[in-house]
Structures are given as structure tokens and as C-alpha cells.
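Number of protein chains: 2
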Amino acid sequence: MSITKQQIIDGFRALQLRITTQLEAEDGLGHFREDAWERPGGGGGFSRIMEAGAVVEKGGVNFSAVHGHLPENITKALRVDNAEFLATGVSIVIHPNSPMVPIIHMNVRYFEMENGTWWFGGGIDLTPHYVIADDAQFFHAALKATCDKTDPAFYSKFKLWADDYFYIKHRKETRGIGGIFFDRLNEESGHTKHQLWDFVLAVGDTFAPTYRALMARHKEEKFTDIQRQWQLLRRGRYVEFNLVYDKGTKFGLDTDGRIESILMSLPTLASWVYDHKVEPNSEEEKTLSLLRKGVNWVD
Amino acid sequence: MSITKQQIIDGFRALQLRITTQLEAEDGLGHFREDAWERPGGGGGFSRIMEAGAVVEKGGVNFSAVHGHLPENITKALRVDNAEFLATGVSIVIHPNSPMVPIIHMNVRYFEMENGTWWFGGGIDLTPHYVIADDAQFFHAALKATCDKTDPAFYSKFKLWADDYFYIKHRKETRGIGGIFFDRLNEESGHTKHQLWDFVLAVGDTFAPTYRALMARHKEEKFTDIQRQWQLLRRGRYVEFNLVYDKGTKFGLDTDGRIESILMSLPTLASWVYDHKVEPNSEEEKTLSLLRKGVNWVD
Chain A
317 MSITKQQIID
327 GFRALQLRIT
337 TQLEAEDGLG
347 HFREDAWERP
357 GGGGGFSRIM
367 EAGAVVEKGG
377 VNFSAVHGHL
387 PENITKALRV
397 DNAEFLATGV
407 SIVIHPNSPM
417 VPIIHMNVRY
427 FEMENGTWWF
437 GGGIDLTPHY
447 VIADDAQFFH
457 AALKATCDKT
467 DPAFYSKFKL
477 WADDYFYIKH
487 RKETRGIGGI
497 FFDRLNEESG
507 HTKHQLWDFV
517 LAVGDTFAPT
527 YRALMARHKE
537 EKFTDIQRQW
547 QLLRRGRYVE
557 FNLVYDKGTK
567 FGLDTDGRIE
577 SILMSLPTLA
587 SWVYDHKVEP
597 NSEEEKTLSL
607 LRKGVNWVD
Chain B
317 MSITKQQIID
327 GFRALQLRIT
337 TQLEAEDGLG
347 HFREDAWERP
357 GGGGGFSRIM
367 EAGAVVEKGG
377 VNFSAVHGHL
387 PENITKALRV
397 DNAEFLATGV
407 SIVIHPNSPM
417 VPIIHMNVRY
427 FEMENGTWWF
437 GGGIDLTPHY
447 VIADDAQFFH
457 AALKATCDKT
467 DPAFYSKFKL
477 WADDYFYIKH
487 RKETRGIGGI
497 FFDRLNEESG
507 HTKHQLWDFV
517 LAVGDTFAPT
527 YRALMARHKE
537 EKFTDIQRQW
547 QLLRRGRYVE
557 FNLVYDKGTK
567 FGLDTDGRIE
577 SILMSLPTLA
587 SWVYDHKVEP
597 NSEEEKTLSL
607 LRKGVNWVD
């Protein structure tokens, strides 16, 4: 029997709660507050936000299930008819206090149209303020292990997709060290809807243990004012990506989504310095040299 | 005799220098550094940036004159043929240190195509962190006086246009108290090219004395940490407008413009707090209530 719409919605909501429980445990101080919201056009969501945690400066773990009719600019972009749609999923961005702990983003989502068209999408990508090879290998290996359980072709395909998607074109930089990204995943992949749902949930459940491990590795490390300043500049780039390129943000703004939930991805503080240059042979320069497409972290 | 392309280019460059001289005089401490740059596709510019002044935290006064062939996405958006173009102008954004001094933006520009199509565009708009009626009246009166010298219909038309243009749709807020905005201004306006050039230069020369007066009024005022925090939140909104809606920023990113010059509009520090609420009956609440279209400041 195929998975139902309601099972997917309930599954995403339960995933959200598993993740926030684990993040609170690792943070040790901060708690997620939950705001329920309704979308005027149909549906709504629960936003769970932590601010001023021990590790997390600002983090959002959002669940939403919205439905209704799409505005014309969206139906054109998605190449779909203007029928009733359902979009549901979990979206996460975590900005840590410390520049030694990476920023992380995760999204898993399901979309369906009245006419029966459906697909899953999602991904996880990591944005370290300082790229550390051990962390990058650990992170990509965890994503590969999750992908391989469903399809041995997924990781290399979705890793390439993430490199292309999380790219700040005007800076000629990737947002971070990438991860996986996939969209419009349906039966054409050779997998049933049930198998793909299991895959998407597995991606969702890869998030918390993987990020907890990275938090645990680095949360006690000391850092300097220079490193904090670098973190604020990297967050500036994160803001540029999210406001200029991110399709989820654009979809949210165009469909009259809840602004505070969509823009929870923006950090408490970010900085822009005119024509900032890194010191030669510094850790900052090394990081910049690794913010490019096509780095193979798993072999 | 009509004005030539070269006279316009030279006129904008001279305007840039008049403005930076006046801003340095009012700041009293900061100096503009100048970076010359070339555009791979043709032309270039001079960016003049001040950081860490006495009044100006970060300010850019950019001159550019770029030419070449437009990418297809731009020719479509502008509804023009893919002929050789020239775009030249002066663009300014000033972020002051103090929340008591407003942010200001000015742009004056000239665009022409190989086939003879040409137009002027531009505007000045003010973004006070705290809206003060006296300042808003003074600012709009100065713009109206400049407009009235060329055409008594200009101010009310261009004021309305600014209200519509400088609007953060997803926040349902204007960016500030508006000002004037105009585009595609050519002979169809009933004025000659020479008259319009004089008007555009007059707009450019309205900038410095008007902003100097506002700097002088407020630069010595004390402010609290709460007011500084509010400034960083308002700057967050400024970043949202510039990265999501501003056509000049989009044109620059899409035409492979110089990134550091385009994004000089972004502040040294900006902040986003989840679901921030202002205190009832506070100055912050009063400011929010005035960030809307259709406020008449001159009568």
C-alpha cells in the first residue's frame, strides 16, 4: 500500500520533534519555543526557534503543511497547472555562537498537485566558518551512508546537485562544503513512493546525530575576536545566498508564507566589510580556497 | 545643441567628487578611498568608500560608466533589443554610526542603446532608524524644490513612484520615508534631453547639502544600546530590500558588475531577531507606523 498524504504530514511533524529534542540535549541550555501559525490561503505550520542557547545563537526547526492554489509566477516556474497543491516538510537552519561550530541547513519536503503529480525534495548542507577536512569527510560519509541504503547512485548525483545549488554565483564561491540536494524525486527514479519516503525520512534522521557530533567536537573550543569577525562575514555570505538565490525562500515570499518562519534562516548578526581580503596563508584563506565545486570529501 | 554622451559621463564623475568632498567635510574624520575598476565586458568605474568615519560607519559613493552587450535576461526585462548599451551614473548609500542619523540612498543614471533609445533615471530616499517629522518635512521639501524648478508635476509623480518602489513587500513596510524615484525619463516627458540632464544633475546636487543638514542636526546626539540594537534590525530590513527587490543591485549582479561596488550598500553590521516586537507606545512603534505608502510630508 502506498503512503498517504496524512502519513507524510504526520511523519514530518514527528521528525521535527525528534530533531529539536536532540538539539536541546546537545545544547544543554537553550530551549525551542514553538509558534503555531496559519496560512491565509490554506494550511499552516509550527515554527520552533531557539535563541541564545549555549551552542546555538539562533536556530529554527520549522514544520509546515500548506495547501491552496499557487500564484501564477510559481506555476510558471514549477511548470505545473494551477491546480490545488500541498507542500509539506521540515526546514532547518542553525547559526551557532562559536565560529568553530559550522552553520547547518536541512530541508526535506513533499509536494503534490491535485492532478496526481508528486515529488520529494530536500538535502543537507554544511557551512563551516573554517573548513576542517576531518569534519567534511565525516559529514559527507554520513550522507553517503544514508544515500547508499536506498540507491548507490544517489550520493554522487545529489552531491553534485548540492555543489551546483548552494553556489553564490556573484561571489564565485560555494556557500560551504555542500552536502546533498535533490528535487522532483518520484517514481521515475526507479523507486516506489514508499521507498522514497523512507529515504527522505532517513535523510531527516541523519541530520541530528551528524550535527550533534560536530557540535560536540567544537563547542568547547576557544576562539578569538578575529575568528568571530570572520564568522560574521561568512554569515553575510549566507544572507546573500538565502535572499538572492534560495528557491525555498523565494517560494515562501511569493506564496505569502509566514515571514518570520521563512527568514529564521537569517543570523542574529552579520557583517559586510568593503573589499575584505584574507591574510596570505591564513586559515581564512585556506577556507576560501575550499569553497568551490567538485571537492571530493569521501574517497 | 544636445548634450553628448561624454558630457554626461564627465558630469557624473564630477558630481561624485563634489559629493565626497562635502561628505568628508561634514564627517570631519573619515576619508573616501578610491578604487578604480574595469568591467570585463566594457567600461568600468571609480568606487569611493568611507569606513569608520566619525559620522559615517560605512558609505559608498560610486561612479560607473559601463558599456557592451546586455545578457538576454536583461534585454527581456528592459524590453530592448540586444544592441550595444551604455549605462552611467552615480550611486550612493550611507550607513551612519548613530541610530539618530538616517541612512540615505541616492542614484542618478543615464542609459542609452545603440539604436538611439535613451533615458535618465534616479532618485533619493531616506531611511531614518527613527522617523522624525521635522526631518521628513525638510527632506521632502528639498526634493520638491528641486523638482519644481523643472516641472511642477514631477514631485508628486516621483514621490508616489518612490513609495511604490522602496517597498518591502514581504514585510508590508516601506524601506523608509521615501523621497523621489523616476525612470525612463526622456523626451516624452515634454522636456529636452538638455533640460532633463540639468534636472538629474540638480537632483544629484540636492543630495549633499540635504544630507549634511541631517547629519549636522543629529550627529552629536547620545543614544542607548536599545537604540543601537534597533538600528541593526532596521539595517536588516535594508539588506532584505537591496538583495530581494532592488533593481540596480539585480542589474549589477546579472551584468557581471563589480560585486564590491554593488554590495557596498550592505552595512558593516546588521541583525535579525526572530519575531521581534516593538514596545507599545515606543518611538520604535511610532516609526513602524510611519513606514507606509502615502504619507504626505510637504503640505
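So the protein lines, in turn, are chains A and B. Here my numbering is used: the first residue of the first sequence is 317, the next is one more, and so on. Here my numbering is used: the first residue of the second sequence is 317, the next is one more, and so on. Beta carbons are placed, not taken as given, at the ideal position from N, Cα and C, and that holds for glycine. Since the model is a prediction, treat every value here as computed from it, not as a measurement.
Among A:THR522, A:SER605, A:VAL372, A:ARG574, the one whose alpha carbon lies nearest that of PHE348 of chain A: With respect to the C-alpha of PHE348 of chain A, the residue from A:THR522, A:SER605, A:VAL372, A:ARG574 having the closest C-alpha is A:VAL372.
Environment of GLY344 of chain A [buried if 16+ CB atoms lie within 10 Å]: By the 10 Å Cβ count, GLY344 of chain A comes out exposed.
Whole-angstrom distance between SER605 of chain A and SER598 of chain A, CA atom to CA atom: 11 Å
Minimum C-alpha distance to ILE493 of chain B - residue among B:HIS445, B:VAL516, B:ARG528, B:VAL519: For the set B:HIS445, B:VAL516, B:ARG528, B:VAL519, the Cα lying nearest the Cα of ILE493 of chain B is the one of B:HIS445.
In DSSP terms, what ALA381 of chain B is bridged to: B:GLY360, B:THR404
Proximity to HIS534 of chain B [Cα-Cα], best of B:ALA370, B:PHE362, B:GLN322: Selected option, being the one with the closest Cα: B:ALA370.
Assigned exposure category for LYS460 of chain B - 16 Cβ within 10 Å defines buried: buried
Nonlocal neighbours in the same chain, by C-beta distance under 7 Å from GLY564 of chain B, ignoring five residues either side: Excluding sequence positions up to five before and after GLY564 of chain B, its CB lies within less than 7 Å of the CB of SER407, ASN423, all in the same chain and listed in chain order.
Nonlocal neighbours in the same chain, by C-beta distance under 6 Å from GLY552 of chain A, ignoring five residues either side: ALA586, SER587, TRP588
Neighbour-count burial assignment, GLY432 of chain B, 16 or more Cβ in a 10 Å radius: exposed
Identity of the residues DSSP links to PHE497 of chain A by a beta bridge: A:GLY439
Residues that HIS445 of chain B bridges to, as DSSP identifies them: Looking at the DSSP assignment, HIS445 of chain B forms no beta bridge with any residue, so it has no partner.
Straight-line gap, GLN259 of chain A to CYS463 of chain A (C-alpha atoms, nearest Å): Because chain A spans 317 through 615 in this model, residue 259 of chain A falls outside it and cannot be assessed.
Min CB distance ALA586 of chain A to chain B below 8 Å: Judged by the 8 Å Cβ criterion, ALA586 of chain A is in contact with chain B.
Interface residues of the stretch 587-602 of chain A facing chain B [CB-CB below 7 Å]: SER587, TRP588, VAL589, TYR590, ASP591
Short Cβ contact (8 Å threshold) for ASP567 of chain B with ILE390 of chain B: According to the sequence displayed, residue 567 of chain B carries Phe and not Asp. Yes; because the gap between Cβ atoms is below 8 Å, this pair is in contact.
Residues of its chain near LYS593 of chain A, where Cβ-Cβ distance is below 7 Å and the 5 sequence neighbours each way are ignored: none
Chain-ordered chain A contacts of ASP351 of chain B [CB-CB under 8 Å]: Chain A residues near ASP351 of chain B: ASP591.
Neighbour list for LYS392 of chain B in chain A, Cβ cutoff strictly below 8 Å: Simply none; closest approach about 14 Å.
Residues in the stretch 559-575 of chain A having any Cβ partner in chain B nearer than 8 Å: LEU559, VAL560, LEU569, ILE575
First through last residue of the alpha helix (DSSP H) which encompasses HIS534 of chain B: 509-534
In DSSP terms, what ARG491 of chain B is bridged to: Paired residue(s): none; ARG491 of chain B is not in a bridge.
Proximal residues to PHE498 of chain A (C-beta, below 7 Å), its chain only, five neighbours per side dropped: Cβ neighbours of PHE498 of chain A within its own chain (closer than 7 Å, five residues either side excluded): GLY437, GLY438, GLY439, PHE474, TRP477.
Min CB distance ALA583 of chain B to chain A below 8 Å: Reading off the sequence shown, one finds Pro at residue 583 of chain B, where the question assumed Ala. PRO583 of chain B counts as touching chain A.
Closer than 8 Å at the beta carbon, the chain A residues around HIS347 of chain B: The premise fails here: HIS347 of chain B is roughly 13 Å from chain A at the closest Cβ pair, so nothing lies under 8 Å.
DSSP-derived helix/strand/coil call for ALA368 of chain A: coil
Contact under 8 Å by Cβ, THR571 of chain B with PRO387 of chain B: yes
Identified DSSP bridge partners for LEU585 of chain B: A:SER587
Classification of THR337 of chain B by the beta-carbon crowding that lies within 10 angstroms, buried from 16 upward: exposed
Helix, strand or coil at ILE319 of chain B [DSSP, three-state]: coil
PHE523 of chain A and ILE335 of chain A closer than 8 Å at C-beta: yes
Amino acids of chain B, ordered along the chain, whose beta-carbon sits closer than 9 Å to that of ILE496 of chain A: The premise fails here: ILE496 of chain A is roughly 26 Å from chain B at the closest Cβ pair, so nothing lies under 9 Å.
Through-space distance from THR404 of chain B to GLY573 of chain B, alpha-carbon basis: 12 Å
Integer Cβ distance of TYR554 of chain A from ARG491 of chain A, believed to fall under 8 Å: Contact holds; Cβ gap of about 7 Å.
Residue-level contact to chain A via CB, LEU386 of chain B, 8 Å cutoff: no
Limits of the unbroken beta strand (DSSP E) element including GLU350 of chain A: Where GLU350 of chain A is concerned, the enclosing beta strand (DSSP E) stretches over 349-354.
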